[in-house]
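J.: Before I ask anything, let me first share the structure, which is written out below as structure tokens.
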Amino acid sequence: MSAARIRVQVVHALPQRHWLCELELPAGSTVADAIEASGLPGKIDGLQVDPLQLGIFGRLVKLEDVLHSGDRVEIYRPLLCDPKEVRRRRAVQQRET
């Protein structure tokens, strides 16, 4: 009898391009296992996996979180600017017009 397996995806997106890797892993695999198995950090120039910038369907997760079949591990990119600052600038521009 074979060990239980799960199917997951690992994704990373840039404004111009995205990567999606579908994997079959042993049950009990973690977010870190999936990222390593995907090979994406070695395939994408400049990709630095920040443990604080990972999610599953938009919910932040940790490297040691255990995956379930159907999960999509998302490797987020750093923010270019603070969203609060962008809203402040937009509000000032709207008041000026």
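First residue of the sequence shown? That's 1 in the numbering used here, and the numbers climb one at a time after it.
A virtual CB, placed ideally from N, CA and C, is assigned to each residue, including glycine.
Just so you know, these numbers come straight off a predicted model, no measurement behind them.
(1) So, for Pro41: in the same chain, excluding its five sequence neighbours on each side, which residues have a beta-carbon less than 6 Å away from its beta-carbon?
(2) Please give the ranges of any alpha helix (DSSP H) in the stretch 27-92, keeping only runs that are unbroken, at least 4 residues long and fully inside the region.
(3) Using the Cβ count rule (16 or more neighbours within 10 Å means buried), how would you classify Val86?
(4) Can you check which of these residues, Ala3, Glu24 and Gln16, is closest to Arg77 by C-alpha distance?
(5) How many angstroms separate the CA atom of Ala25 from the CA atom of Arg5?
(6) In its own chain, which residues sit with a C-beta less than 6 Å from the C-beta of Gln53, not counting the 5 before and 5 after it?
(7) Return yes when the Cβ of Leu23 is within less than 8 Å of the Cβ of Ala32, no when it is not.
(8) Consult DSSP for Met1 and reduce its assignment to one of helix, strand or coil.
(9) Measure the alpha-carbon distance for Gly39 versus Glu74 and round it to whole angstroms.
T.: Let me spell this out:
(1) In the sequence shown, counting from the first residue as 1, residue 41 sits at position 41. Leaving aside the five residues that flank Pro41 on each side, the residues in its chain whose CB is nearer than 6 Å to its CB run, in chain order, Leu47 and Val49.
(2) Fully enclosed alpha helix (DSSP H) runs of 4 or longer: 31-38 and 40-43.
(3) By one-based count along the sequence shown, residue 86 stands at place 86. Counting Cβ neighbours within 10 Å, Val86 comes out exposed, since fewer than 16 surround it.
(4) Position 77 of the sequence shown, counted from the first residue, corresponds to residue 77. If we check each option's Cα against that of Arg77, Gln16 comes out closest.
(5) Mapped onto the sequence shown, residue 25 falls at position 25. Mapped onto the sequence shown, residue 5 falls at position 5. Checking the sequence shown, residue 25 turns out to be Leu, not Ala. Whole-angstrom Cα-Cα distance: 5 Å.
(6) Taking the sequence shown and counting its residues from 1, one reaches residue 53 at position 53. So the list reads Tyr76, once near-sequence residues are dropped.
(7) As a first step, residue 32 must be located in the sequence shown, where it is residue number 32. As a first step, residue 23 must be located in the sequence shown, where it is residue number 23. If you check the CB distance, Ala32 and Leu23 do not come in under 8 Å.
(8) One-based indexing of the sequence shown puts residue 1 at position 1. Because the pLDDT of Met1 is 38, which lies under 50, any placement of that residue in the model is unreliable, and the number read from its coordinates should be weighed accordingly. Met1: coil per DSSP, three-state reduction.
(9) Within the sequence shown, numbered from 1, the residue matching residue 39 stands at position 39. Within the sequence shown, numbered from 1, the residue matching residue 74 stands at position 74. Taking the straight line from one Cα to the other gives about 14 Å.
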